[in-house]
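Chemist:
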Amino acid sequence: MIPSKSLKIMASRMLGSKIALRSDYGPFIGGAKFIKGEGTPLPVESPSTCSNITTVSTPSSAQIASTLDLAQLTFDSGVWSRSSALSRSKVLAKLAVLLEEKVPELAEMESLNTGRAVRELKAQLGRLPDWLSYFAAVLRTTEGTVMPTEGEILNYVKRQPLGVVVQIAPFNHPLLIAVKKIAPALAAGNSVIVKPSELTPLTLLEFGLLATKAGIPDGVLCILPGEGRTVGKELVVDRRVKKIDLTGGTETGRVIGAIAGGNLASYTAELGGKAPIIVFEDSDLQNAVNGVCFASFVASGQTCVSGTRIIVQDSIYDEFMAKLKEKVASIERRMGDPLNPLSSMGPLISRPQLSKSEGIVASSLAEGLTVECGGKRMNGPSPLDGFDLGGGYFFQPTVLSGDGVVGSKVWKEEIFGPVICVSKFSDEADAIKKANDCDFGLGAAIWTSNGARGHRVAGLLDSGLVWINSHHRNDPSSPWGGMKDSGIGRENGMEAYRSYTQSKSVIMNVASEEKTRANDDWFSDSKLDVRYG
Ligand code: TXE
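Residue numbers for the sequence shown follow our numbering, beginning at -18 and rising by one.
(1) Under the three-state reduction of DSSP, which class applies to residue 305: helix, strand or coil?
(2) Relative to the C-alpha of residue 35, which candidate in 306, 135, 1 has its C-alpha closest?
(3) Tell me which same chain residues have a C-beta within less than 6 Å of the C-beta of residue 368, skipping the five on either side of it?
(4) At 4 residues or longer, and completely inside the stretch 179 to 265: list those alpha helix (DSSP H) runs for me, N to C.
(5) Assuming residue 15 and residue 186 are in contact, meaning their beta carbons sit under 8 Å apart, how far apart are those beta carbons, in whole angstroms?
(6) Could you pull out every residue in the same chain whose Cβ sits closer than 6 Å to the Cβ of residue 162, ignoring the five residues on either side in sequence?
(7) Per DSSP, which residues does residue 90 bridge with? Please list them.
(8) Say whether the stretch 352 to 362 touches the stretch 299 to 316, bearing in mind that this needs 3 or more beta-carbon pairs closer than 8 Å, one atom from each stretch.
(9) Any contact between the stretch 279 to 295 and the stretch 63 to 72? By contact I mean 3 or more CB pairs, one from each, below 8 Å.
(10) Considering only residues of the same chain and omitting the five flanking positions on each side of residue 513, which have a CB-CB separation below 8 Å?
(11) Are the Cβ atoms of residue 429 and residue 422 separated by less than 8 Å?
(12) With a 10 Å radius around its C-beta and 16 neighbouring C-beta atoms as the bar for buried, classify residue 127 as buried or exposed.
(13) Touching or not, the stretch 127 to 146 and the stretch 27 to 46, by the rule of three or more beta carbon pairs under 8 Å?
(14) So if DSSP puts residue 404 in a beta bridge, which residue, or which two residues, is it bridged to?
(15) Provide the residue span of the beta strand (DSSP E) that contains residue 137, from first to last.
(16) CA-CA distance, residue 460 and residue 249?
(17) The beta strand (DSSP E) spanning residue 158 covers which residue range?
(18) For residue 410 and residue 416, which I take to be in contact (beta-carbon distance under 8 Å), what is that distance rounded to the nearest angstrom?
(19) Indicate the three-state DSSP secondary structure (helix, strand or coil) for residue -15 in the structure shown.
(20) Pick helix, strand or coil for residue 357, following the three-state DSSP scheme.
(21) Identify whether residue 14 lies in helix, strand or coil by the three-state DSSP scheme.
(22) Quick check: is any heavy atom of the ligand TXE less than 7 Å from the C-beta of residue 405?
(23) Could you tell me which whole beta strand (DSSP E) segments of length 3 or greater appear in the stretch 2 to 63?
(24) Using the C-alpha atoms, what's the distance from residue -1 back to residue -7?
(25) Pull up the DSSP beta-bridge partners for residue 270, would you.
(26) Residues in the same chain with beta-carbon distance under 8 Å from residue 387, minus the five sequence neighbours each way, listed in chain order, please.
(27) Hey, residue 48 and residue 203: beta-carbon distance below 8 Å or not?
(28) Using the Cα positions of residue 322 and residue 398, report the straight-line distance between them to the nearest angstrom.
(29) With the cut-off set at 8 Å, would you say residue 253 and residue 466 are in Cβ contact?
(30) Compute the beta-carbon to beta-carbon distance between residue 144 and residue 172, rounded to the nearest angstrom, for a pair I have assumed lies under 8 Å.
(31) Spatial neighbours of residue 496 within its chain, please: C-beta separation below 6 Å, excluding the five flanking residues on both sides.
(32) Let me make sure I understand the geometry here. Which of 46, 408, 122, 281 has the alpha-carbon closest to that of residue 312?
(33) Pull up the distance between the alpha-carbon of residue 197 and that of residue 385, whole angstroms please.
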């Protein structure tokens, strides 16, 4: 592979902010710079202006193959895979500090690249060092096990890394999702190759450079930008890959799962969602409305746990809807330049995602549903700051309702946009039935002031994550993943760490030599009652 020429930092004055974008983004295989990818260059767009902000070089097939070779060689060398848990812990802790220092810069870069409001990203990326610190702490505190085996046997179980692992990340939370996967994988000692979304590769590539500074050896963390159907596919089919960890759409999840199965690789998949939010009549109504808006419109609805099916007790429906529409109008009034710290919500990531939101409104109208508010692509200057909303993929926060909402297209399909639907329920059993009436099972929320009811209903929802009087809460220690079509396996916590390791059971005979001779000779010609297993 050809190393690139020296780094050129260009100061880019965009959207009123100064963001340093490099001119040489490309594959990262360790070291202090990117290599020059020989594949098809990837133009990177800002969805708030629909304009190109930089171009990233991508690896050719030969470069992908040599990255896999490098990752395997590095793993086999033991430089990271067999280094002490303490030394890996120290490197991850240092990476947490370096990342923390860079969060403000990365948040602006990610806002430019994703169009998400910078306020959101500062808050979100500010949490990321916690993932590295958590897994650094796991390395210092995890203890081995001695099994209660019968007889004079010492049986201890060690956990060791898997080998080369591939992680495929989406566009919606480019750095958050990648770091969630990278931290446990590196902690466990694997060699990690990450493919960021073709739409949002920049902040993860910057993270690669920080990893080198923290002391991650070259070849242990590689980042290969590019399309899923080329770079992603060539990575996941390689038989040396011992685990694939994907966050993406359910269809992609099935395709990659079939490949992982064929190669007997481990697989974690965090896929689509259609989170229900049940609002009981005894809830604090304003808190519930605020919580629903946070759940539904943060990241412009482009999150896997986005609250999209709002299920409201019929006795409070009218009051809830009035308050909801008021809140939604206030969100829309404050949409503007995503880099404006006062901006409430950004555009969708791309034209196809915009079309999906537009299409679902059209088909909902055809199904007889009502548009309570929103429903259209935005145009003209922002009331907040005059930003040209028509120049980006901005879509109004949208609320749909109607008697036929349950079972309609918007009820069933993941839209990944700021489009939600609201239905009524009569009693607890009806609420649970409606909430579970879905192929997905990732996030869900319940709003109630009755604690017993909250826990009772949580236990009956088919969802991997259930919030009570809250939404989106995430923590490095808290398992994250879905049931049904929302995926397989869990991110975060000890479950994620263990999924990046495999056990090795070491069994030693500790009986004396005399006893062993007397009791363990299976083919003895004088004694038949010899232990077998
Ligand atoms: O996802 P894709 P897209 C859902 C959401 C969204 C839809 C499509 O509904 O509207 O999926 O989004 C890589 N081999 N979610 O097109 O295609 C791809 O390059 C290897 C939910 O962005 O699944 C990218 O890096 N890699 C979700 C990643 O997979 C492949 C987050 C996701 O892309 C590949 C994102 C292949 N054959 C979308 N095909 C969530 N759970 O949050 C694609 N990729």
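Yeah, the Cβ is synthetic: ideal placement off N, Cα and C, and Gly gets one too. Computed from a predicted structure; not experimentally measured.
Modeler: With the given structure in hand:
(1) Within the sequence shown, residue 305 is the residue found at index 324, counting from 1. Helix, per DSSP.
(2) Reading the sequence shown from its first residue, position 54 is the one you call residue 35. If we check each option's Cα against that of residue 35, 1 comes out closest.
(3) Indexing the sequence shown from 1 puts residue 368 at position 387. Closer than 6 Å at the Cβ level, and outside the excluded window around residue 368, lie 317, 318.
(4) 183 to 195, 214 to 217, 231 to 243
(5) Here residue 15 is taken as the residue at index 34 of the sequence shown, counted from 1. Here residue 186 is taken as the residue at index 205 of the sequence shown, counted from 1. Confirmed, Cβ separation roughly 7 Å.
(6) As a position in the sequence shown, residue 162 is number 181, starting the count at 1. Answer for residue 162: 148, 226, listed in chain order.
(7) Residue mapping note: residue 90 aligns to position 109 of the sequence shown, counting from 1. Looking at the DSSP assignment, residue 90 forms no beta bridge with any residue, so it has no partner.
(8) yes
(9) no
(10) By 1-based counting over the sequence shown, the position of residue 513 is 532. These residues qualify, in order along the chain: 503.
(11) Residue numbering aside, residue 429 sits at position 448 when the sequence shown is read from its first letter. Residue numbering aside, residue 422 sits at position 441 when the sequence shown is read from its first letter. No, the pair does not count as a contact, with Cβ atoms beyond the cut-off.
(12) On the sequence shown, position 146 is the one that residue 127 refers to. Classification for residue 127: exposed.
(13) no
(14) On the sequence shown, residue 404 is found 423 positions in, with the first residue counted as 1. The partner list for residue 404 (beta bridge, DSSP) reads 292.
(15) Position 156 of the sequence shown, counting from 1, holds the residue named residue 137. That run of the beta strand (DSSP E) goes 134 to 142.
(16) Position 479 of the sequence shown, counting from 1, holds the residue named residue 460. Position 268 of the sequence shown, counting from 1, holds the residue named residue 249. If you take the alpha carbons of residue 460 and residue 249, they lie about 13 Å apart.
(17) For this step, residue 158 is matched to residue 177 along the sequence shown. Counting along the chain, residue 158 falls outside any beta strand (DSSP E), though it belongs to the alpha helix (DSSP H) covering 155 to 168.
(18) Taking the first residue of the sequence shown as position 1, residue 410 is located at position 429. Taking the first residue of the sequence shown as position 1, residue 416 is located at position 435. Incorrect: roughly 11 Å between the Cβ atoms, too far for contact.
(19) Reading the sequence shown from its first residue, position 4 is the one you call residue -15. With a pLDDT of only 42 at residue -15, under the threshold of 50, the placement of this residue in the model should not be trusted; the figure read from the coordinates follows. Coil at residue -15, not helix or strand.
(20) One-based indexing of the sequence shown puts residue 357 at position 376. Coil, per DSSP.
(21) On the sequence shown, position 33 is the one that residue 14 refers to. Residue 14 falls in the coil class under three-state DSSP.
(22) Locating residue 405 in the sequence shown gives position 424, counting from the first residue. Residue 405: no, Cβ never under 7 Å from the ligand TXE.
(23) 23 to 27, 32 to 37
(24) Locating residue -7 in the sequence shown gives position 12, counting from the first residue. Locating residue -1 in the sequence shown gives position 18, counting from the first residue. Caution is warranted here: a pLDDT of 42 is assigned to residue -7, below 50, making its placement in the model unreliable, and the coordinate value is therefore given only provisionally. Those two C-alpha atoms are separated by around 6 Å.
(25) Walking along the sequence shown from the start, residue 270 turns up at place 289. In DSSP, residue 270 forms no bridge with anything.
(26) Counted from its first residue, the sequence shown places residue 387 at position 406. If we look at residue 387 and ignore the five residues flanking it on each side, its Cβ neighbours are 404, 415, 418.
(27) Translated into the one-based positions of the sequence shown, residue 48 becomes position 67. Translated into the one-based positions of the sequence shown, residue 203 becomes position 222. It is a contact, given that the beta carbons lie within the stated cut-off.
(28) Here residue 322 refers to the residue found at position 341 of the sequence shown. Here residue 398 refers to the residue found at position 417 of the sequence shown. Cα-Cα distance, rounded: 21 Å.
(29) Looking up residue 253 in the sequence shown gives position 272. Looking up residue 466 in the sequence shown gives position 485. Cβ distance < 8 Å, so residue 253 and residue 466 count as in contact.
(30) Taking the first residue of the sequence shown as 1, we reach residue 144 at position 163. Taking the first residue of the sequence shown as 1, we reach residue 172 at position 191. Correct: roughly 7 Å between the Cβ atoms.
(31) The residue labelled residue 496 in the question sits at position 515 within the sequence shown. Here the set comprises nothing.
(32) Working through the sequence shown from its first residue, we reach residue 312 at position 331. For the residues 46, 408, 122, 281, the minimum Cα distance to residue 312 belongs to 281.
(33) Walking along the sequence shown from the start, residue 197 turns up at place 216. Walking along the sequence shown from the start, residue 385 turns up at place 404. Distance between the alpha carbons of residue 197 and residue 385: 55 Å.
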